[in-house]
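**Student:** Got a structure for you, questions after.
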Amino acid sequence: MKPREREGLANHFYFDRDDHLDAVKLLPSEYYVASTPMVLSTVLGSCVSACIRDSVAGVGGMNHYMLPGDGSHDTSGPRLRYGEHAMSTLVEEICRRGGRRDRLEAKVFGGGMVIAGMASRIGFANAEFVMAWLDRENIRVLAQDLNGSHARRVHYLPGSGQVRVRRLSGSATVCSREKTMIEALVEDAVHPLVTAAAGMRGAGR
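Residue numbering for the sequence shown follows our numbering, beginning at 1134 and increasing consecutively.
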């Protein structure tokens, strides 16, 4: 049974033929928490995803955020595109479903520079933010695959904690999506890092 609708809750469901499990794909500014066997998947460029679970309670989830910080200056876009809201929402929902903060463990991915000279600072800042946030909240980081020049496809099984990461070097589709995402953020002028990325893009023309 699908959970009730919440802000930013992923709802792109499909069947994963590799794991023979129901699955959900997360888009930017989304999250999902599960306590039954299923696959949570996403594709990351400069964005970051945290995969967090309580192995004792058997509940875990994933998020997908676009920018660091809390977006206090942004009154137009979804809150969950910012790391502070994406991380706190994920942890709160896991705890609401029976998890305990002192048992949480995390694996984190993304923050890549998939478009040279355009979004490198955004990816680096996203990666830096997630590590600082988890340290602040005393959540153990069991694995990380951050930064670099490639996109990533991440499949996470919250029941077992297993993660599969595939690096997508030179993916035209991912680069196109990244460019579209940055241009939309520039249009909204939502973050100083986005403005800087736009300046680098313009200088390269």
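Cβ coordinates follow ideal geometry from the N, Cα and C atoms, glycine included.
According to the neighbour-count rule (16 or more other Cβ atoms, all chains shown, within 10 Å of its Cβ), is residue 1182 buried or exposed?
**Tutor:** It is buried - the Cβ of residue 1182 has at least 16 other Cβ atoms within 10 Å.
**Student:** Under 9 Å between the Cβ atoms of residue 1165 and residue 1155?
**Tutor:** no
**Student:** What residues in its chain sit with their C-beta under 6 Å from that of residue 1218, if we drop five residues either side in the sequence?
**Tutor:** 1212
**Student:** Is it the case that the stretch 1170–1182 contacts the stretch 1220–1238, given that we only count it when at least three CB pairs across the two stretches are under 8 Å?
**Tutor:** Here the stretch 1220–1238 does not lie against the stretch 1170–1182, with fewer than 3 beta-carbon pairs under 8 Å apart.
**Student:** Given that a residue counts as buried once 16 or more other Cβ atoms are within 10 Å of its Cβ, and exposed if not, what is residue 1189?
**Tutor:** exposed
**Student:** Report the option in 1294, 1300 and 1286 whose CA atom is closest to the CA atom of residue 1237.
**Tutor:** Residue 1237 has its Cα closest to that of 1294, out of 1294, 1300 and 1286.
**Student:** Could you tell me which of 1152, 1246, 1191 and 1163 sits nearest to residue 1140, measuring between CA atoms?
**Tutor:** 1163
**Student:** Please state the DSSP three-state secondary structure of residue 1314.
**Tutor:** helix
**Student:** CB residue 1245 to CB residue 1285, shorter than 9 Å?
**Tutor:** Against a cut-off of 9 Å, the Cβ pair of residue 1285 and residue 1245 comes out as a contact.
**Student:** From the DSSP output, in three-state form, read off residue 1290 for me.
**Tutor:** strand
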